[in-house]
Every structure is written in structure tokens, then in C-alpha cells.
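Note that the working numbering gives residue 1388 to position 98 of the sequence shown, counting from 1, and the numbers run on in steps of one. Idealized CB from N, CA, C, for every residue including glycine. One structure is given below, encoded as C-alpha cells.
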Amino acid sequence: MKVISCRFFIHGDVGSVETGTMAEIELESPVNVETLKKSIPFEGIFHLRQQINFEGSNVWLDLSNDKMELSPSLQKNKMYLDIQALPLSFGNNELGALHPEWEDNCESVG
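Written out as C-alpha cells, the structure reads:
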């Protein structure tokens, strides 16, 4: 199995750790939307989307089909999935709080 680095961004632009909060985890391929939803290292309910290249332009792909398998991109000899997590609800939790299960495995920057 191949390992894919999955980077979740919940504030700011995808790929910009200077303007947002990001956590990176490793998942075994293949990765589908359902796996992403179960693996997101933040508390709350999120709408997930991935920026992809379509006919030479970058477009947002809303990830609404749980069974859809995602295609990572190759960057610096490593497979990556860059996912923007749009918050729908945080309940009583602090905005962008790491899920307790992931606190030792993820680093928030921003």
C-alpha cells in the first residue's frame, strides 16, 4: 500500500500555512471521502472539498459522495491530498480545536 499525506486546512487558502490552520496526517491508499470524514483531526462537522486541475484550470471539487476515491497529487516525490475543511458546526468546541484522539499526532500552525 502507498502512504498519502493528507493536509487539512480549516482557515485561509489551501497551501497557505501562514494564513490558516493546518494539520497533516498519513493515510493508506486508496482514500475515499468516507475515510477523510473519519480521519479529520479537528472536532466539528465539516464540508470537505479538494482543489483539482480540470482542463488546465484549478477548480474546487465538493466531496459529497462518501464512496468517491480521491486522486492525490505528486509533490516533491510524495503523494499529497490537500483538503479544505469548511466548518459547518463546532458545537461547544473552540474553533479549529484538534480532536483529542489526534492531539499527539498533529500540529496546528497559523
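**OP:** Using the DSSP secondary-structure output, state which residues sit across from Glu1314 in a beta bridge.
**Re:** Arg1297
Subject >> Cβ neighbour criterion (16 or more within 10 Å) applied to Phe1344 >> reply: It is exposed - the Cβ of Phe1344 has fewer than 16 other Cβ atoms within 10 Å.
Original post:
Hey, out of Lys1327, Ser1295 and Met1358, whose CA is closest to Pro1247's CA?
Top reply: The structure shown has nothing for residue 1247, since the chain only spans 1291 to 1400.
**OP:** Can you give me the Cβ contacts of Pro1320 inside the same chain, cut-off strictly under 6 Å, excluding the 5 residues immediately before and after it?
**Re:** Glu1359
Subject >> Distance CB(Ile1294)-CB(Met1369) smaller than 8 Å >> reply: It is a contact, given that the beta carbons lie within the stated cut-off.
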